[in-house]
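>
Residue numbers (the working numbering): 1 to 290.
1. Closest to residue 272 by C-alpha separation, out of 148, 202, 56, 93, would be which residue?
2. Identify whether residue 216 lies in helix, strand or coil by the three-state DSSP scheme.
3. By the DSSP assignment, the beta strand (DSSP E) with residue 80 in it spans what residues?
4. Among 200, 157, 194, whose alpha-carbon lies nearest the alpha-carbon of residue 177?
5. Please go through the same chain and pick out, in chain order, the residues whose beta-carbon is closer than 8 Å to the beta-carbon of residue 31, but skip the five residues on each side of it.
6. The alpha helix (DSSP H) spanning residue 230 covers which residue range?
7. Look at the Cβ atom of residue 222, then the Cβ atom of residue 162, and state whether they are nearer than 7 Å.
8. Would you mind stating whether residue 113 and residue 105 have Cβ atoms separated by less than 7 Å?
9. Of the residues 52, 98, 96, which one's Cα is nearest the Cα of residue 80?
10. With DSSP as the reference, please indicate the residues paired to residue 58 in a beta bridge.
11. What's the gap between the Cα of residue 242 and the Cα of residue 263?
12. Check residue 261 in the structure and name its three-state DSSP category.
13. Tell me whether the beta-carbon of residue 312 lies closer than 7 Å to the beta-carbon of residue 204.
14. Which residues does DSSP list as the beta-bridge partners of residue 275?
15. When you compare only the Cα positions, how much space is there between residue 266 and residue 209?
16. What is the DSSP secondary structure of residue 159, counted as helix, strand or coil?
17. Cβ of residue 82 within 7 Å of Cβ of residue 59?
18. May I have the straight-line CA-CA distance separating residue 214 from residue 61, to the nearest angstrom?
19. Whole angstroms is fine: what's the gap from residue 255's alpha carbon to residue 134's?
20. Where does residue 109 land, buried or exposed, given buried means 16+ other C-beta within 10 angstroms?
21. What is the residue span of the beta strand (DSSP E) that residue 133 lies within?
22. Jot down the residue ranges of each uninterrupted alpha helix (DSSP H) in the region 90–124, minimum 4 residues, whole runs only, in chain order.
23. For the candidate residues 129, 63, 183, whose alpha-carbon lies nearest to that of residue 225?
24. Tell me which residues share the same chain as residue 152 and place their Cβ nearer than 8 Å to its Cβ, disregarding the 5 neighbours each side in the sequence.
25. Does residue 267 come out as helix, strand or coil in the three-state DSSP assignment?
26. Measuring only the C-alpha atoms, how far is residue 230 from residue 290?
27. So residue 195 is in the beta strand (DSSP E); what residue range does that whole segment cover?
28. May I ask you to list the residues that DSSP assigns as paired with residue 178?
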């Protein structure tokens, strides 16, 4: 009897042990799979982009496809040079060459488009408190417009500054022979004046200098003052700028792109975000004007 009881106890222990091992093994396998999937999700990998002059590294979750406009946005993408295209980069860029051009990264516009920013107010998702937006200073905001041009030009050797640099010191633009503006839709009055008074500006994106904001660096925010239908629906350009070309931003295919002259530089007649990193002719023309 005691012998049978002992065997029974041993059997129970073995069964419990097997079940425990199975559960632990399953949990370990699940955890491993989750970590693998998380790794795939959080780490960037090279994406094959037809016609791209640069390596494009991004996460699958950051790829946004607009089937209506037939465009693909690579949010938060990193660009890298392709070793086999170094001769081309020297032709269309300033690698290891002296130059005096500067690109202005639209950090204020990035803030305006971020969550709980201006566009949530425009769409009725929040009250006027959303007209004050936090400035992101690491170029990693949710809004990705201009990033393709910025990444391309930066890799090609162009100097760069941000809206903040101009707002704090409008005289900074006088150090440069030419200024390349991206989708700098929201700017301060000091920045607007500094840009429009510079003699040689490339307005690379339509809809630049569209609305006036005021900055507060103690709270690291911008607040909309005027423009984009605010404070009155009749107000479009916040500076009443005669060279506003916002109507051209809807051409994002840039099939027939060209620059045209204005008083202090040239403007592109389309929205180049989806083509600039593929178009060596466009990049060469930017270089030749700079």
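Quick reminder that beta carbons are idealized off the backbone N, C-alpha and C, glycines included. In this text, all values refer to a predicted model and were calculated from it rather than measured experimentally.
Looking at the atomic coordinates:
1. For the purposes of this step, residue 272 is identified with residue 272 of the chain shown, where counting begins at 1. It is 148 whose Cα lies nearest to the Cα of residue 272.
2. For the purposes of this step, residue 216 is identified with residue 216 of the chain shown, where counting begins at 1. Residue state, collapsed to three classes: strand.
3. Taking the first residue of the chain shown as position 1, residue 80 is located at position 80. Segment 78–80, the beta strand (DSSP E) holding residue 80.
4. Counted from its first residue, the chain shown places residue 177 at position 177. For residue 177, the nearest C-alpha among the options comes from 200.
5. Numbered from its first residue, the chain shown carries residue 31 at position 31. Unreliable positioning characterises residue 31 in this predicted model, as indicated by a pLDDT of 45, which lies under 50. The coordinate reading is nonetheless provided below. Nothing listed; no residue qualifies.
6. By one-based count along the chain shown, residue 230 stands at place 230. From DSSP, residue 230 is part of no alpha helix (DSSP H); its letter is neither H nor E.
7. Here residue 222 refers to the residue found at position 222 of the chain shown. Here residue 162 refers to the residue found at position 162 of the chain shown. Contact flag unset, no.
8. Position 113 of the chain shown holds residue 113. Position 105 of the chain shown holds residue 105. No. Outside cutoff.
9. Sequence index remark: in the chain shown, residue 80 carries index 80 (1-based). The shortest Cα separation from residue 80 among 52, 98, 96 belongs to 52.
10. To locate residue 58, count along the chain shown from 1; it is residue 58. In DSSP, residue 58 forms a bridge with 45.
11. Position 242 of the chain shown holds residue 242. Position 263 of the chain shown holds residue 263. Straight-line Cα distance between these residues: approximately 11 Å.
12. The sequence position of residue 261 within the chain shown is 261, counting from 1. Residue state, collapsed to three classes: strand.
13. The requested residue 312 is not part of the displayed model; the chain covers only 1 to 290.
14. Against the chain shown, residue 275 aligns to sequence position 275. The partner list for residue 275 (beta bridge, DSSP) is empty, contrary to what the question assumes.
15. One-based indexing of the chain shown puts residue 266 at position 266. One-based indexing of the chain shown puts residue 209 at position 209. Cα to Cα, residue 266 sits roughly 14 Å from residue 209.
16. To locate residue 159, count along the chain shown from 1; it is residue 159. Residue state, collapsed to three classes: strand.
17. Walking along the chain shown from the start, residue 82 turns up at place 82. Walking along the chain shown from the start, residue 59 turns up at place 59. No, the Cβ-Cβ distance between residue 82 and residue 59 is not below 7 Å.
18. In the chain shown, residue 214 corresponds to position 214, counting from 1. In the chain shown, residue 61 corresponds to position 61, counting from 1. Approximately 33 Å, taken between the alpha carbons.
19. Along the chain shown, one-based indexing puts residue 255 at 255. Along the chain shown, one-based indexing puts residue 134 at 134. Cα to Cα, residue 255 sits roughly 36 Å from residue 134.
20. By 1-based counting over the chain shown, the position of residue 109 is 109. So residue 109 ends up on the buried side.
21. Walking along the chain shown from the start, residue 133 turns up at place 133. Start and end: 132–134.
22. 107–113, 118–122
23. Along the chain shown, one-based indexing puts residue 225 at 225. Nearest option by C-alpha distance: 129.
24. The sequence position of residue 152 within the chain shown is 152, counting from 1. Closer than 8 Å at Cβ, skipping near neighbours: 53, 54, 79, 276, 277, 283.
25. What you label residue 267 is simply residue 267 of the chain shown in a count that begins at 1. It is a strand residue.
26. Stepping through the chain shown from its first residue, residue 230 is reached at position 230. Stepping through the chain shown from its first residue, residue 290 is reached at position 290. Each residue's alpha carbon lies about 35 Å from the other.
27. In the chain shown, counting from the first residue as 1, residue 195 sits at position 195. First-last for residue 195: 189–196, but that is the alpha helix (DSSP H), not the beta strand (DSSP E).
28. As a position in the chain shown, residue 178 is number 178, starting the count at 1. Beta-bridge pairing links residue 178 to 101.
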